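Okay, so here's the structure we're looking at.
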Amino acid sequence: MASYVSFANLSVAHKTFLSALDHSQDPTSFAEAVQDPKWCTAMNLELRALEANGTWELTSLPPGKRAIGCKWLYKAKFLSDGTIDKHKARLVVLGCKQKFDVDYQETFAPIAKMTTVRTLLAVAAMKNWFAYQMDVSNAFLHGDLHEEVYMALPPSYSAYGSAIHPSTAPTHPLVRGISHGQVCKLLKSLYGLKQAPRQWFAKLSGA
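The following block contains the structure:
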């Protein structure tokens, strides 16, 4: 028989937190999110971070090349008391549209198994060692790209520093990118790229 924790046995804080998660409805499209100033702010923060990181450069699409589409993913982050901590918007590449030997080469990247992590923690506990956790913010975005990858402009984005606001008319990213003759040439990894994990490992091991 599967074990479970009765909802009645939870603390008030946990009940509030679970209730907030249950009633949370994140946007599923740019057209929906752009109507809310909070999500517009979240998208603008993400765009500024990507620009500051040197993730891409705006250029014209070279003859014979194609631009891969992109999309926004939205997620509200909650505190333990059920109140919203922040609205997170993440821009991802449609990696399913990538072509092998054109947009990417190798994708393999070694990872640590949880068994290894538990073993290290167990040894540290037995020997009274100090254990520290390090979290790299937007880790995949630090990987350098060697392939020539072009991405269509994000919806309502046309130049460095351009902002998204509720009055922005939603447009399809790929159509907008091609119609304006501008695309993003990716210089660093972006979430969704097939080679993103491998490029991050190369950056980490190189450092």
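To convert, note that position 203 of the sequence shown is 187 in my numbering; the numbers rise steadily by one, no gaps.
Built from N, CA and C at the ideal position, the CB exists for glycine as well.
In this text, all values refer to a predicted model and were calculated from it rather than measured experimentally.
With distances taken Cα to Cα, identify the nearest neighbour of residue i among the options.
i      : options                        : result
HIS126 : SER173, VAL167, GLN117         : SER173
GLY38  : LYS169, SER189, LEU188         : LYS169
THR91  : ARG74, PHE114, GLU131, LYS49   : GLU131
GLY205 : ASP65, LYS81, HIS71            : An answer regarding residue 205 cannot be provided, because it is not within the stretch -15 to 191 covered by the chain.
GLN89  : GLN117, PHE185, LYS178, GLY190 : LYS178
HIS71  : LEU29, SER64, PRO94            : LEU29
PRO46  : ASP20, LYS83, TRP56, GLY165    : GLY165
ARG74  : ALA51, ILE95, ALA33            : ALA33
GLU35  : PRO138, GLY190, PHE185         : PRO138
ALA143 : LEU42, GLN19, LYS83            : LEU42
ALA96  : ALA147, PHE185, HIS149         : PHE185
MET27  : ILE52, LEU57, SER189, GLY48    : LEU57
I'd like to confirm the pairing. Which residues does DSSP put opposite residue i in its beta bridges?
i      : result
TRP184 : None; TRP184 has no bridge partner.
LYS169 : GLU41, TYR134
For residue i, count neighbouring C-beta atoms within 10 Å of its own C-beta (all shown protein chains included) and say buried if the count is 16 or more, exposed if not.
i      : result
VAL133 : buried
CYS24  : buried
VAL107 : exposed
MET135 : buried
CYS54  : buried
MET110 : exposed
ARG182 : buried
PHE14  : buried
MET98  : exposed
LEU104 : exposed
MET118 : exposed
PRO11  : buried
What would DSSP say about residue i, mapped onto helix, strand or coil?
i      : result
ALA191 : coil
THR12  : coil
LYS178 : coil
_Unbroken stretches of the alpha helix (DSSP H), 4 residues or longer, contained in the stretch 69 to 153_ = DSSP assignment within the stretch 69 to 153 yields the following whole alpha helix (DSSP H) runs of 4 residues or more, N-terminal first: 98 to 110.
_Report the start-end ranges of each beta strand (DSSP E) in the stretch 40 to 69 that is 3 residues or longer and not cut off at the edges._
Within the stretch 40 to 69, complete beta strand (DSSP E) segments of at least 3 residues are found at 40 to 43, 54 to 62, given in chain order.
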